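Using our numbering, read the sequence shown as starting at 2 and increasing by one per residue. Cβ coordinates follow ideal geometry from the N, Cα and C atoms, glycine included. Just so you know, these numbers come straight off a predicted model, no measurement behind them.
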Amino acid sequence: MPDRRPLISGNWKMHHNHFEAIQSVQKLSYRLTKDDYEEVDVSVHPPFTDIRSIQTLLQSEKIPVELGAQNCHWEPKGAFTGEVAAGMLAKLDVTYVIVGHSERRELFGETDEMVNNKVKAVLKAEMTPIMCVGETLDERQADQTETKVAGQVVAGLAGVKPEQVASMVIAYEPIWAIGTGENATPADAQAVCALVRSTVAEKAGADAAAAVRIQYGGSVKPGNAPELMAQPDIDGALVGGASLEADDFARIVQYRLGGD
Ligand code: 13P
Numbered sequence: 002m003p004d005r006r007p008l009i010s011g012n013w014k015m016h017h018n019h020f021e022a023i024q025s026v027q028k029l030s031y032r033l034t035k036d037d038y039e040e041v042d043v044s045v046h047p048p049f050t051d052i053r054s055i056q057t058l059l060q061s062e063k064i065p066v067e068l069g070a071q072n073c074h075w076e077p078k079g080a081f082t083g084e085v086a087a088g089m090l091a092k093l094d095v096t097y098v099i100v101g102h103s104e105r106r107e108l109f110g111e112t113d114e115m116v117n118n119k120v121k122a123v124l125k126a127e128m129t130p131i132m133c134v135g136e137t138l139d140e141r142q143a144d145q146t147e148t149k150v151a152g153q154v155v156a157g158l159a160g161v162k163p164e165q166v167a168s169m170v171i172a173y174e175p176i177w178a179i180g181t182g183e184n185a186t187p188a189d190a191q192a193v194c195a196l197v198r199s200t201v202a203e204k205a206g207a208d209a210a211a212a213v214r215i216q217y218g219g220s221v222k223p224g225n226a227p228e229l230m231a232q233p234d235i236d237g238a239l240v241g242g243a244s245l246e247a248d249d250f251a252r253i254v255q256y257r258l259g260g261d
């Protein structure tokens, strides 16, 4: 069984200007200990405008938090007003790029094909994609969770080599649980994350499936993180709202101490 290091990621969405971002990362670094960094990988995903400031802070203070981004374009450069290329993020020492977040899919029309192109662009730029999948409430109620999620996994990984799949992160984020205070029960979240892993096995083989890290996202809080993280196919959390408060985010990173 490969060692899948837990990864706790804070997706700040469109929150925190660069001054607020610096404060938040400083506070987080005061709360996290050497033991935390030994046990868990931690990433923060600020808006693009904050990334250079956070890069400088992490490097100058030697804070072992990884830098992440929330999106990128799949082309390396060109006439794409308003877009940011994966290579530009790599130059800023970004490690993880969230791809295909449900808000991008639902609000900005990202298709499975675009998500697949972005996954490949992130890998080509030698960063790690965090590819998001998840069903709507209507789909869940119509018993379509498995079809939707497995379909997104297959489409998102099209043409990606098994060893690249092995290096990736896939985040299962049921859309009805995002920012709502609702979350999948640990058993439900585990069942869908197991389905994600078996879909990866069919598509990219057993080794890739055993190595790929799967996060759960959707109203993760300090109180529910320990039970979610105890599930065998949940290797991490993609945290929205609770990652904006450094104290809450630190307590989620410290899930192994038992939550609140
Ligand atoms: P919340 O934790 O606010 O539900 O957001 C989840 C999410 O979308 C993280 O990407």
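Does the ligand 13P have a heavy atom nearer than 7 Å to the CB of residue i?
| i | result |
| --- | --- |
| glycine 220 | With the sequence shown as reference, residue 220 is identified as serine, and glycine is not the correct amino acid for it. Yes - the ligand 13P has a heavy atom lying nearer than 7 Å to the Cβ of serine 220. |
| isoleucine 179 | yes |
| asparagine 12 | yes |
| alanine 243 | yes |
| leucine 239 | yes |
| histidine 102 | yes |
| glutamate 111 | no |
| glutamate 174 | yes |
For residue i, which of helix, strand or coil comes out of DSSP?
| i | result |
| --- | --- |
| threonine 235 | One detail in the question is off: residue 235 reads as isoleucine in this sequence, not threonine. DSSP places isoleucine 235 in coil when its eight states are reduced to three. |
| arginine 214 | strand |
| threonine 129 | strand |
| serine 199 | helix |
| aspartate 36 | helix |
| alanine 86 | strand |
| glycine 242 | helix |
| proline 45 | Proline is not the amino acid found at residue 45; the sequence shown has valine there. If DSSP states are grouped into helix, strand and coil, valine 45 belongs with the strands. |
| valine 123 | helix |
Let me see if you follow: with CB-CB separation under 8 Å, is residue i close to chain C or not?
| i | result |
| --- | --- |
| lysine 119 | Any reference to chain C falls outside this structure, which holds one protein chain only. |
Do the region 28 to 40 and the region 189 to 203 make contact, defined as three or more Cβ pairs closer than 8 Å? Cβ pair count under 8 Å is below three, so no.
Touching by the beta-carbon criterion (3+ pairs, under 8 Å), the region 162 to 181 and the region 205 to 218: In this structure the region 162 to 181 lies against the region 205 to 218, because at least three pairs of beta carbons, one per stretch, are closer than 8 Å.
Contact between the region 224 to 233 and the region 186 to 196 (3+ Cβ pairs under 8 Å): Yes, they touch.
Which residue spans inside the region 142 to 188 form an unbroken alpha helix (DSSP H) run of at least 4? Runs of the alpha helix (DSSP H) inside the region 142 to 188: 146 to 157, 163 to 168.
Hey, is the region 11 to 19 in contact with the region 107 to 118, meaning 3+ C-beta pairs nearer than 8 Å? The region 11 to 19, when compared against the region 107 to 118, does not touch it at the 8 Å Cβ threshold.
Ignoring anything shorter than 4 residues, give me the alpha helix (DSSP H) runs that lie fully in the region 64 to 118, in order along the chain. Counting whole runs of 4 or more residues, the region 64 to 118 contains the alpha helix (DSSP H) stretches 87 to 92, 103 to 109.
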